[in-house]
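Enquirer:
Residue numbers (this note's numbering): 448 to 1075.
Put into C-alpha cells, the structure is as follows:
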C-alpha cells in the first residue's frame, strides 16, 4: 500500500493528490515511529482506510468515464478534491473503531461508534443539505450559529451598537435594578455632533426634587373610581408569554414600588394576584378571562374580575406595535391547566385570537363598548391601546367620541419598535407607525379636536431610561410603560429565545426547571429598585430644566441636531397644531385636514376612505389646472 514518489506524482497528475498526500504523510510517520508497535498498527489501519478510499475513487472515476478511461475528466478530479475533506472525519471515526477494540480503549470505541452512526445517518437523511455533505463536521456550523448572538454580544459589538437594546442600555437597567451606582466616568461615548442627537436644555433655575414619586390622575367625569397612576409602569406582558415566576416577581415589585402592572391579554392569573400589586387588566380580541364557550365577551365573568380591588384600570387592546393587525394561535400542546383556568379556555384544542374584536365593528360601537365596560367595572377608568396604522381610522374614533359625547379615560400608544414573544419579521420591521411619529399624530388629533384635556395618553416602546421618559412626556405623553426594561430587571439577557420555551434565565418560558432560576424575593426587589432609580433620574432631568413635575416638560425643552448640522427645538422640528383647529377645517397641515374631513365615525372602511383621499386630491388638482 505504501506509495513511491513515482506513484505520488502519478496520483497528482490524475487529480488524486489529496488522498495521495495523506498516504505519503502516513508513510513518513511510520518511518519515524516504526519502533512503537501500537502507533505502527494505528497508522497502518488509518493508511489502509485511506488506500481503500483511493482505490474506491479510482475505480469510481474509471467507471464514470468509460469513453476515456486513461484520462479522467477535470470534473472528476475536482469532485474528488471536494468530497474527501467533507467525509474525512467520518473515515477517521471508522478507522478508530478497530483501533479502540485492538487496544481496549472503550471510551474511544463509544465515541467513535456514536460519531460513525451519526455520520451514516446524516448521509442518508434529506432534511439538511449541509449534514449530507458534511456528516460530522457540519454540526460545528450549527454549534457556531447557536453561539453567534452571544459571541457578537460579548466580543464584537460595541457598548452602543447592539439592537434592539445596546449593552449600555441593558447595563443601566441591571445597575439600577441592583441599586448600585450607575454613573460613568471620563465623558460621553455618544457622538454629540451626529444628526438626530437630542439633548435637554438646562436652566439657570435648576434645583433638586426630593420627591420623585410622580403621578398622574386617570379618569374623566364619567369615571367614578379615578386612579393616581405612576408615570412609569410595567407594560403588557401575559402569563404564558412570561413564566409564572417572572409574573410573580413583576407584581411583587409593583406592589413594593407603588406602580401599576399591565396583565397583557392573557388575563389575570393567580401570580398576578398573589402579592396584590395594582393591575391594569387588558382585554384582547379573544377576551381571555371573560369569554363564553364561543369566544365572545361574557359580561358577568368580566364584572367578577373587573370589580376586584386590585384591578385599577381596564385597557381594550386594539393592536400592538410588534405585530399590529395580526391575531394569534396558542397551540393545544402549550395550554397547561393553569393557563386554561386563567384564560377561560378548554384543554386539548388550539386557542385562536382573532385579529379584530367581534364585539364592535365601527368606531361608534367601540365607544358603546368602553362605556359598557366602565359600568360593569363599577366606574373604573377604561381606555384602549393601539399601534397607529391608517390615521383616518383613529380620527374616526375621535369623531365617534365627540358624536357620542363619551371619551375614554386614557389611550395607550404602542410604537412599532415594541417587543413581543414572537412575530413575523415582516410585521416587526415593516408594519405599524414608530412611537414618536404616532405620539405626535395622536397629540395633534386630540388637540385639534379640542378634547386633549379629557383624555390621558400613555406610551410604550423601548422605554428604558429617565431620558426616554422625559423626551416622550415633553412630546405629549402623560406616562410611559416599559416591558423589556422590566424584563431586564427580572434577569432577561436579550437572548431572543422567547418563542422557543428555552429562555436561559427562566423569564420567558413555561419550563418549570428553567423557572427555578428566578429568585422571586430578589427579583421583585430589583423590579422595585429599577422603577425607583429610573424615576430618580427623571427627577434630576426635570429639576435640571427648572421644573417641578415631568408633565411640565414641553417640546421646546429639547434640541435636536439636523442633518445639515444646525439645531432645532423639537417645537420647531415637529409641527404642532392649535386647539380646535381640526374642527374649523384649517389646522395648517393639509394632510390632517383632508383625513379629518374623510373620517367616518360609523365606519372603519379604510380602502373607501383612501379612495376618497385620492379623489379629493385629483379634484383639487383639476381645480388648480382650470385656473390657468
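Note that beta-carbon positions come from the ideal geometry of N, C-alpha and C, so glycine has one too.
Could you have a look at residue 625 and say whether DSSP puts it in helix, strand or coil?
Expert: coil
Enquirer: So within the region 797-874, which uninterrupted alpha helix (DSSP H) runs reach at least 4 residues, ignoring any that extend past its ends?
Expert: 810-823 and 838-851
Enquirer: In angstroms with no decimal places, state the Cα-to-Cα distance between residue 670 and residue 821.
Expert: 7 angstroms
Enquirer: From what residue to what residue does the beta strand (DSSP E) around residue 675 run?
Expert: In the DSSP assignment, residue 675 falls within the unbroken beta strand (DSSP E) covering 674-677.
Enquirer: With a threshold of 16 other CB atoms inside 10 Å of the CB of residue 637, please say whether the residue is buried or exposed.
Expert: exposed
Enquirer: According to DSSP, what are the bridge partners of residue 1000?
Expert: According to DSSP, residue 1000 bridges with nothing at all.
Enquirer: Exposed or buried, which one is residue 928 when buried takes at least 16 other CB atoms within 10 Å?
Expert: buried
Enquirer: Hey, is the region 700-720 in contact with the region 964-975, meaning 3+ C-beta pairs nearer than 8 angstroms?
Expert: yes
Enquirer: Can you have a look at residue 960 and say buried or exposed, based on whether 16 or more other CB atoms are within 10 angstroms of its CB?
Expert: Exposed, because fewer than 16 other Cβ atoms sit within 10 Å of the Cβ of residue 960.
Enquirer: Compute the Euclidean distance between the alpha carbons of residue 411 and residue 1051, then round it to the nearest angstrom.
Expert: Lying before the first or after the last residue shown, residue 411 is absent from the chain, which here runs from 448 to 1075.
Enquirer: DSSP three-state call for residue 977: helix, strand or coil?
Expert: helix
Enquirer: For residue 949, which option in 962, 847 and 704 has the closest C-alpha, if you only look at C-alpha atoms?
Expert: 962
Enquirer: Can you have a look at residue 540 and say buried or exposed, based on whether 16 or more other CB atoms are within 10 angstroms of its CB?
Expert: buried
Enquirer: Exposed or buried, what is residue 581 when buried is set at 16 or more other beta-carbons lying within 10 Å of its beta-carbon?
Expert: buried
Enquirer: Can you tell me which residues form a DSSP beta bridge with residue 728?
Expert: 761
Enquirer: So, using beta-carbon positions, are residue 903 and residue 831 closer together than 8 angstroms?
Expert: no
Enquirer: From residue 478 to residue 583, what does the alpha carbon distance come to, in whole angstroms?
Expert: Summary for residue 478: the model assigns pLDDT 45, below 50, so the residue's position carries little reliability, and this model does not support an answer.
Enquirer: Quick one: grab the DSSP three-state call for residue 946.
Expert: helix
Enquirer: Given that a residue counts as buried once 16 or more other Cβ atoms are within 10 Å of its Cβ, and exposed if not, what is residue 612?
Expert: buried
Enquirer: Quick one: what's got a C-beta closer than 7 angstroms to residue 673's C-beta in the same chain, skipping five residues either side?
Expert: 664, 665, 666 and 828
Enquirer: Could you check which residue in 551, 719, 534 and 573 has the C-alpha nearest to that of residue 563?
Expert: 534
Enquirer: Report the rounded CA-to-CA distance for residue 575 versus residue 560, giving the unit in angstroms.
Expert: 22 angstroms
Enquirer: For residue 895 and residue 1029, which I take to be in contact (beta-carbon distance under 8 angstroms), what is that distance rounded to the nearest angstrom?
Expert: 3 angstroms
Enquirer: Just verifying my parser: in three-state terms, what is the DSSP assignment at residue 639?
Expert: coil
Enquirer: Could you name the residues of the same chain whose beta carbon sits closer than 6 angstroms to that of residue 786, not counting the 5 residues immediately before and after it, in chain order?
Expert: 687
Enquirer: How about residue 579 and residue 570: are their beta carbons less than 8 angstroms apart?
Expert: yes
Enquirer: Go ahead and label residue 635 buried or exposed: buried means 16 or more other beta carbons lie within 10 angstroms of its beta carbon, across all protein chains shown.
Expert: exposed
Enquirer: Per DSSP, what kind of secondary structure is residue 715 in: helix, strand or coil?
Expert: coil
Enquirer: Taking 7 angstroms as the cut-off, is the beta-carbon of residue 961 closer than that to any non-hydrogen atom of the ligand SAM?
Expert: The ligand SAM is absent from the structure shown, which contains no ligand whatsoever.
Enquirer: Can you tell me which of 751, 767, 659 and 750 puts its alpha carbon nearest to the alpha carbon of residue 685?
Expert: 767
Enquirer: Return helix, strand or coil for residue 657, following the three-state DSSP convention.
Expert: It is coil, neither helix nor strand.
Enquirer: Do three or more CB pairs link the region 842-854 to the region 1032-1049 at distances below 8 angstroms?
Expert: yes
Enquirer: What residue from 626, 646 and 622 has the CA that sits closest to residue 1006's CA?
Expert: Between residue 1006 and the set 626, 646 and 622, the nearest pair of CA atoms involves 646.
Enquirer: Can you tell me whether residue 586 is helix, strand or coil according to DSSP?
Expert: When secondary structure is reduced to three states using DSSP, residue 586 falls in the helix class.
Enquirer: For residue 1042, which option in 886, 844, 558 and 759 has the closest C-alpha, if you only look at C-alpha atoms?
Expert: 844
Enquirer: Straight-line CA distance for residue 808 to residue 573?
Expert: 48 angstroms
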